[in-house]
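Trainee: Once you've had a glance at the structure underneath, I'll fire off some questions.
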Amino acid sequence: MNKQYALVTGASRGIGRAIAERLARDGYTVLINYNNNTAAAQETLEAIKAAGGDAELLPFNVCDGQAIEQALQLWEQQHKGATISILVNNAGICKDGLMVFMTEDDWHSVVNTTTEAFYYITHRILPGMLRARNGRIVNITSISGVIGMPGQVNYSAAKAALIGATKALGKEIASRKVTVNAVAPGYIVTDMTADLNEEELKKTIPAGRFGKPEEVAALVSFLCSDEAAYITGQVINIAGGLA
Ligand code: NAP
Numbered sequence: 030m031n032k033q034y035a036l037v038t039g040a041s042r043g044i045g046r047a048i049a050e051r052l053a054r055d056g057y058t059v060l061i062n063y064n065n066n067t068a069a070a071q072e073t074l075e076a077i078k079a080a081g082g083d084a085e086l087l088p089f090n091v092c093d094g095q096a097i098e099q100a101l102q103l104w105e106q107q108h109k110g111a112t113i114s115i116l117v118n119n120a121g122i123c124k125d126g127l128m129v130f131m132t133e134d135d136w137h138s139v140v141n142t143t144t145e146a147f148y149y150i151t152h153r154i155l156p157g158m159l160r161a162r163n164g165r166i167v168n169i170t171s172i173s174g175v176i177g178m179p180g181q182v183n184y185s186a187a188k189a190a191l192i193g194a195t196k197a198l199g200k201e202i203a204s205r206k207v208t209v210n211a212v213a214p215g216y217i218v219t220d221m222t223a224d225l226n227e228e229e230l231k232k233t234i235p236a237g238r239f240g241k242p243e244e245v246a247a248l249v250s251f252l253c254s255d256e257a258a259y260i261t262g263q264v265i266n267i268a269g270g271l272a
């Protein structure tokens, strides 16, 4: 059987790493995207190989259309005829603060890391999926984009935009057997939440705890499976009852 490739953006750490490890266990060859942190990406690669899976590093800045084009062109030259059948748009950043103090950079960097990245990468990968009449796109949004979070106007706006894109694209390409869904985590234990007061915040979560990256990865794995072929354009919260 031909190799099936899954591209996971931001797979060097946190939720993206867990998704990469899980999709490798599911039998995909995982393309581990990251921005700067080569050591962490290498750890993801080694963990996948140690578990008997297959993966490759594919670094690029998800906000840089030219860098994405260059990296994917080179990858295609080195993998003649191969197509990417799973795309997980996971890379993201947050720069929290009240709106009145928010700088232009706080706004643009957070919004672009989600919205421009979605455009550049999805636009580049989609034609191959449409030609193959096969594909899964999973966008990692956040409950911040579903319910809005004070102190996260930039992040909530970015993640809500991703939800709109998911719903529209899901409808646009459903007849081509390519599904598009969004996963909206609540508080998950990663570097992104490391500075939060977990003891206080977990009192606000009905499940009484933060989630684990592996729990998000299990949901993504299901959405990428054949069994999820009839689910598209949906947003699925994974937030311990918070939303
Ligand atoms: P994390 O631990 O901070 O990891 C972020 C990942 O994104 C890293 O692999 C990082 O690469 C990559 N990245 C950041 N900017 C990038 C860029 N410009 N180009 C390429 N890669 C880039 O974050 P996380 O908590 O796993 O979050 C993953 C996703 O889940 C994000 O979209 C986040 O918004 C979302 N989310 C997280 C939570 C949570 O509670 N943790 C909740 C809801 C939603 P480097 O290692 O190279 O920097």
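Going by my numbering, the sequence shown opens with residue 30, and the numbers climb by one from there. We treat Cβ as the ideally placed atom computed from N, Cα and C, and that holds for glycine. The structure presented is a predicted model; accordingly, all values stated were derived computationally and were not measured.
(1) Consult DSSP for Asp134 and reduce its assignment to one of helix, strand or coil.
(2) Indicate the three-state DSSP secondary structure (helix, strand or coil) for Leu60 in the structure shown.
(3) Is any heavy atom of the ligand NAP found at a distance shorter than 7 Å from the C-beta of Ile150?
(4) If you reduce the DSSP assignment to three classes, tell me which class Asn168 lands in.
(5) Alpha carbon to alpha carbon, how far is Thr132 from Ala80? Give it in angstroms, no decimals.
(6) Per DSSP, which residues does Asn118 bridge with? Please list them.
(7) What residues are listed by DSSP as bridge partners for Gly240?
(8) Under three-state DSSP, which class holds Asn65?
(9) How would you write the range of the alpha helix (DSSP H) that Val182 sits in, first residue to last?
(10) Do Val207 and Ile166 have their CB atoms nearer than 8 Å?
(11) What are the boundary residues of the alpha helix (DSSP H) that includes Ile97?
(12) When the Cα atoms are used, what is the spatial distance from Ala258 to Thr233?
(13) I'd like to check one pair, Asn119 with Ala246: are the Cβ atoms closer than 8 Å?
(14) Is the Cβ-Cβ distance between Asn168 and Leu191 less than 8 Å?
(15) Does at least one heavy atom of the ligand NAP sit under 7 Å from the Cβ of Arg42?
(16) Around the Cβ of Phe130, are there at least 16 other Cβ atoms within 10 angstroms (buried) or fewer (exposed)?
(17) For Ala194 and Asn210, I'd like the C-alpha separation in whole angstroms.
(18) Need the endpoints of the beta strand (DSSP E) that Glu85 sits in, please.
(19) Can you list, in chain order, the residues of its chain with a C-beta nearer than 7 Å to that of Ala47? Leave out the 5 residues immediately preceding and following it.
(20) Say yes only if the C-beta of Val264 is nearer than 7 Å to one or more non-hydrogen atoms of the ligand NAP, and no if none qualify.
(21) For Val129, which of helix, strand or coil comes out of DSSP?
(22) Just list the residues that DSSP pairs Leu36 with in beta bridges.
(23) Does the distance between the C-beta of Asp125 and the nearest non-hydrogen atom of the ligand NAP fall short of 7 Å?
(24) Tell me the DSSP secondary structure of Thr208 in three-state form.
(25) I'd like the list of long-range same chain contacts for Ala203, defined as Cβ closer than 7 Å, with 5 residues on each side in sequence excluded.
Mentor: Reading it off the structure:
(1) Correct three-state label for Asp134: helix.
(2) Strand, per DSSP.
(3) Answer for Ile150: no, Cβ out of range of the ligand NAP.
(4) If DSSP states are grouped into helix, strand and coil, Asn168 belongs with the strands.
(5) Cα to Cα, the separation comes out at about 44 Å.
(6) Looking at the DSSP assignment, Asn118 forms a beta bridge with Asn168.
(7) Assignment of beta-bridge partners to Gly240 by DSSP yields Ile217.
(8) Of the three classes helix, strand and coil, the one that applies to Asn65 here is coil, per DSSP.
(9) For Val182, the enclosing alpha helix (DSSP H) starts and ends at Val182 to Ile202.
(10) In this structure, Ile166 lies closer than 8 Å to Val207 by Cβ.
(11) Gly94 to Gln107 is the span of the alpha helix (DSSP H), which, as asked, contains Ile97.
(12) C-alpha separation (whole angstroms): 34 Å.
(13) Not in contact: Ala246 and Asn119 (Cβ atoms no closer than 8 Å).
(14) Their beta carbons are under 8 Å apart, which means Asn168 touches Leu191 by this criterion.
(15) At least one heavy atom of the ligand NAP lies closer than 7 Å to the C-beta of Arg42.
(16) By the 10 Å Cβ count, Phe130 comes out exposed.
(17) Going by the C-alpha atoms only, they are around 10 Å apart.
(18) Where Glu85 is concerned, the enclosing beta strand (DSSP E) starts and stops at Asp83 to Leu86.
(19) The answer, listed in chain order, is Pro242, Glu243, Val245 and Ala246.
(20) No, the ligand NAP has no heavy atom inside 7 Å of this Cβ.
(21) It is helical.
(22) Assignment of beta-bridge partners to Leu36 by DSSP yields Leu60 and Leu116.
(23) Outside the cutoff, so no.
(24) DSSP places Thr208 in strand when its eight states are reduced to three.
(25) Excluding residues within five positions, the ones whose Cβ falls inside 7 Å are Thr261.
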